[in-house]
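Structure first, commentary second.
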Amino acid sequence: MNTMVNVALPKGRLGKKVYDMFERAGYPCPSIKEDNRKLIFENEQAGVRYFWVKPSDVTIYVERGAADIGVAGKDILLEYSPDVYELLDLRLGKCRMAVAAKKDFRENTGRTLRVATKFPNIARNFYERESRDIDIIKLNGSIEIAPILGLSDVIVDIVETGKTLKENELEVIDTIVPISARLIANKANFKFKTEAVEKIRNRLAEQLEVEK
Ligand code: PRP
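Position 88 (the sequence shown) corresponds to 457 in my numbering; numbering is contiguous.
Encoded structure:
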């Protein structure tokens, strides 16, 4: 019998691209594309069971072993440092983590910098390296509003096209790190499903070469 590999996919636009890549790599499950609200899809022959989870929850499923593998953004991996293996850069969902501020922002190193972000650990690490005192304001979304309303001096956030910043008259003042989607694996499950998981990893890697 085929080993069944449980795969946590991030719901949404990125997830669809990720699924397409798995499909091209030889792990199709066509019913996933039907218009329904099911969250679990299985292809017994191919040995995969997919489930859609919130992007920021993928690492939780994988770290706790409910999923053997999954796809998560490097932003989430850097922010939460889950204890998982990072197997492959899928080169999807490319963007960058950046510091942005209002166009007229002038740095005053004599004052504590107020930083609004969804990613407090990434922000803290970045400013620690810069030896800069900061005050983190943790928000859950629409971060760009913070400097406009004077809630913060800068933001640390994801920039993809730059459209959100532009339309809110903000600009990037520092790039922290490039981000993309990564294939991750549960450490314990990897031990007894090594062959099946490595096969998926290798086929995805081949797929990346073909598409280069
Ligand atoms: C992300 C990010 C920016 C935007 C960047 O927000 O936080 O707001 O995308 O994309 P752009 O450079 O292409 O404009 P998301 O859509 O995840 O919503 P959020 O406000 O909940 O963070």
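Cβ coordinates follow ideal geometry from the N, Cα and C atoms, glycine included.
Residue environment, residue i, which counts as buried when at least 16 other CB atoms sit within 10 Å
i      : result
Val525 : buried
Gly381 : exposed
Ile438 : buried
Gly384 : buried
Arg551 : buried
Val579 : exposed
Ala467 : buried
Glu413 : exposed
Leu482 : buried
Ala557 : exposed
Phe561 : exposed
Thr563 : exposed
Thr428 : buried
Leu457 : buried
Leu518 : exposed
Asn405 : exposed
Residue nearest to residue i in terms of C-alpha spacing, selected from the options
i      : options                           : result
Pro489 : Thr428, Ile517, Asn571 and Val523 : Val523
Arg465 : Glu455, Ile445, Val566 and Pro516 : Ile445
Val440 : Ala467, Asp504, Lys532 and Ile548 : Ile548
Asn509 : Leu534, Gly395, Ser425 and Leu459 : Ser425
Gly462 : Leu447, Glu448, Asn477 and Lys443 : Lys443
Pro516 : Cys398, Glu455, Leu447 and Val484 : Val484
Met373 : Glu403, Asn405, Asp404 and Ala435 : Ala435
Thr478 : Ser500, Asn555, Ala469 and Ile491 : Ser500
Ile569 : Glu432, Lys386, Arg406 and Val417 : Val417
Ala469 : Asn555, Leu539 and Lys581         : Leu539
Ile583 : Leu534, Lys535 and Thr544         : This structure gives no information on residue 583, because the portion of the chain shown stretches from 370 to 581.
Asp452 : Tyr430, Leu459 and Asp473         : Tyr430
Lys472 : Asp389, Leu534, Arg460 and Leu577 : Leu534
Tyr454 : Glu432, Lys581 and Leu577         : Glu432
Residue i Cβ short of 8 Å to the ligand GDP heavy atom set
i      : result
Asp543 : The ligand GDP is not part of the structure shown, which contains the ligand PRP as its ligands.
Neighbourhood of residue i by C-beta, 6 Å cutoff - its chain only, sequence neighbours within 5 removed
i      : result
Ser400 : Phe410
Glu575 : none
Ala347 : No statement about residue 347 is possible, as the shown extent of the chain runs from 370 to 581 and does not include it.
Cβ shell of residue i (< 7 Å), same chain only, five flanking positions each side left out
i      : result
Trp421 : Leu378, Lys380, Gly384 and Leu408
Arg572 : Ala394 and Gly395
Ala565 : Thr372, Val374 and Gly416
Integer Cβ distance of residue i from residue j, believed to fall under 8 Å
i      : j      : result
Ile506 : Ser521 : 5 Å
Lys487 : Ile503 : Contact doesn't hold; Cβ gap of about 15 Å is too wide.
Give, in chain order, every unbroken run of the beta strand (DSSP E) that is at least 3 residues long and sits entirely within the segment 435–467.
The DSSP assignment places complete beta strand (DSSP E) segments of no fewer than 3 residues inside the segment 435–467 at 438–442 and 454–458, in order along the chain.
Ignoring anything shorter than 3 residues or poking outside the segment 466–551, list the beta strand (DSSP E) runs there in chain order.
Whole beta strand (DSSP E) segments, 3+ residues: 482–486, 503–507, 523–528 and 539–548.
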